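In our numbering, the protein residues as written are -16 to 468.
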Ligand code: AMP
Ligand code: MG
């Protein structure tokens, strides 16, 4: 069994044995397909025909592949609070696949039953939470933002009990790896307890370099070079989130991957009306993970990562600390560069022109004052750059004047091409996501498939799909999102 997918043994099995525990998916009573991502299957070099009981059994956890299936151990700071042992409580890595793009991807079943890390959890997941991850991760991929992907959602045929009985489901997650900041924190914690030197951090760092940055293995200081690469990837990733109004919602250190992929889609959301302080997550009342805090939280997590790396940076503690601080200090600059470059594309401004800064400042200021719809504002601006008349609006007048002056300096064709490629015409609007999931819960998947299809290519929007992108009516606005796990 498991012949459908050419699994390789997971690279985690090459790590010291306390990085994982054997874990078998629990067979569901009555598995059935909900959605299978044929395009992703093709990109991964996997069979695209989901019409086989074998594949259904495999991806629902009924027939795990031969060989070792494992749940990974990790630690993490949850809302700033240290948790020394979390681990995959309800997810199992069933192997990895080598894709035609030359890369290797973890295949991970989420909601496949309790693992040794489950503690009091049931190891299961609701259909709507798994469809939410499927939808939003595929939306991120459509936006060309690094992300874990979703290959399938299968229903288990068994209820899970949250605020009532809900249909249960398993998500097949595909990721460049599941090495989290929290995995390094775990390694460092175990090393500290055993006082044998940084054995586990080194093993994990070597595996991570091999997986993500094999060129760096030859660097003079491979561990420092790798850390710097992680910092650079996060600076780029967070800027990309900010540029589309994405709010992750649970940026705990265990939910940040060293691959630079967006990972762990819980109460995440795209904002409609602009608000620097926007928070959607019901469990983030204090706003730790608000829109505007995402860059500083990323940097905070990267500081925790640096702490885990210290013994690999240098034998001398003071030197190790100094180089770590220097590497971490590159984050704000890299982030600002990524953000500015992205804003230049969104606004059609000449790259690197120092006159752009005041335009950005006016943009943020006016967005904050007007609370304009973030996505549609840039779509409208693109239309205006393309020659459409703009209705005069006093609040926007200073920005428009500065922006037009900047636009004039740029080559028109290049400006328009950049704007069209940087300003999505559709995002996964919260009210649409919620409506879609409610329908799916009642057995109607048509709205889900329709929304997924539209989000696959968000830089185009068919006129027939215009309703999917319309901002919510007052009664439709979603103020709060739930993990709803
Ligand atoms: P998350 O909030 O999804 O990042 O999960 C935090 C931790 O809780 C991880 O260790 C998860 O594996 C674990 N967890 C979440 N839901 C469950 C569940 N239903 N059963 C077991 N463990 C869970
Ligand atoms: Mg998590």
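All C-beta atoms in this analysis are idealised placements derived from N, C-alpha and C, irrespective of residue type, glycine included.
Please read these numbers as outputs of a predicted model, since none were measured by experiment.
Fewer than three Cβ pairs drawn from the stretch 95 to 102 and the stretch 405 to 424 lie within less than 8 Å of each other, which leaves the two stretches out of contact. Put simply, of 122, 395, 420, 371 the residue whose alpha carbon is nearest the alpha carbon of residue 224 is 122. Judged by the Cβ position, residue 249 qualifies as a neighbour of the ligand AMP at the 7 Å threshold, a heavy atom of the ligand being closer than this. For the stretch 104 to 160, the continuous beta strand (DSSP E) assignments of 3+ residues that do not extend past its boundaries occur at 132 to 144, 148 to 158, in sequence order. By the CB criterion at 8 Å, residue 295 and residue 206 fall inside the cutoff. Here residue 125 is buried. Its C-beta has 16 or more other C-beta atoms within 10 Å. By the C-beta density criterion, residue 118 is buried, having at least 16 other C-beta atoms within 10 angstroms. Shown here, residue 88 sits in a strand according to DSSP, grouped into three states. For the ligand AMP, no non-hydrogen atom lies closer than 7 Å to the CB of residue 164.
If you check the C-beta of residue 20 against the ligand MG, you find no heavy atom less than 7 Å away.
Considering only 263, -10, 59, the residue with the shortest C-alpha distance to residue 69 is 59.
Taking non-hydrogen atoms of the ligand AMP into account, the C-beta of residue 233 is found less than 7 Å away from one of them. Rounded to whole angstroms, the gap between the alpha carbons of residue 284 and residue 218 is 12 Å. For residue 282, the three-state secondary structure derived from DSSP is helix. For residue 55, the enclosing beta strand (DSSP E) covers residues 53 to 55. Fewer than three Cβ pairs drawn from the stretch 96 to 115 and the stretch 79 to 88 lie within less than 8 Å of each other, which leaves the two stretches out of contact. Here residue 81 carries a strand assignment [DSSP, helix/strand/coil]. Taking 7 Å as the cut-off, one finds no heavy atom of the ligand AMP near enough to the beta carbon of residue 109.
Note that the stretch 6 to 14 touches the stretch 35 to 53; at least 3 beta-carbon pairs, one per stretch, sit closer than 8 Å.
Per DSSP, reduced to three states, the secondary structure at residue 437 is helical.
The Cβ-Cβ distance between residue 353 and residue 378 falls below 8 Å. Residue 241 and residue 372 have their C-alpha atoms roughly 45 Å apart. Counting C-beta pairs closer than 8 Å gives fewer than three between the stretch 246 to 261 and the stretch 183 to 201, which falls short of the contact rule. Runs of beta strand (DSSP E) with 3 or more residues, each lying fully within the stretch 339 to 370, are absent. Non-local C-beta neighbours of residue 307 in its own chain, meaning closer than 8 Å and more than five positions away in sequence, comprise 210, 289, 290, 292, 293, 296, ordered along the chain.
A check of alpha carbon separations from residue 416 across 462, 215, 300, 257 identifies 462 as the nearest. With 16 or more neighbouring CB atoms inside 10 Å of its own CB, residue 406 falls in the buried class. Around the beta carbon of residue 5, a 10 Å sphere encloses fewer than 16 other beta carbons of the protein chains shown; the residue is thus reported as exposed. Between the ligand AMP and the CB of residue 100, the shortest heavy atom gap is smaller than 7 Å. Cβ-Cβ distances below 6 Å link residue 281 to 217, 221 in the same chain, with the five nearest sequence neighbours on each side left out; the list follows chain order. Around the beta carbon of residue 192, 16 or more other beta carbons lie within 10 angstroms, which makes this residue buried. If you draw a straight line from the Cα of residue 33 to the Cα of residue 51, it is about 24 Å long.
Rounded to whole angstroms, the separation of the alpha carbons of residue 73 and residue 364 is 45 Å. Restricting attention to 428, 449, 427, the CA atom closest to the CA of residue 437 is found in 449.
Within its own chain, the residues whose Cβ lies closer than 7 Å to the Cβ of residue 54, once the five positions on either side in sequence are excluded, are 3, 4, 6, 70, 71, 74, 75, 98, 99, 100, listed in chain order. For residue 233, there is no enclosing beta strand (DSSP E), as DSSP marks it with neither H nor E.
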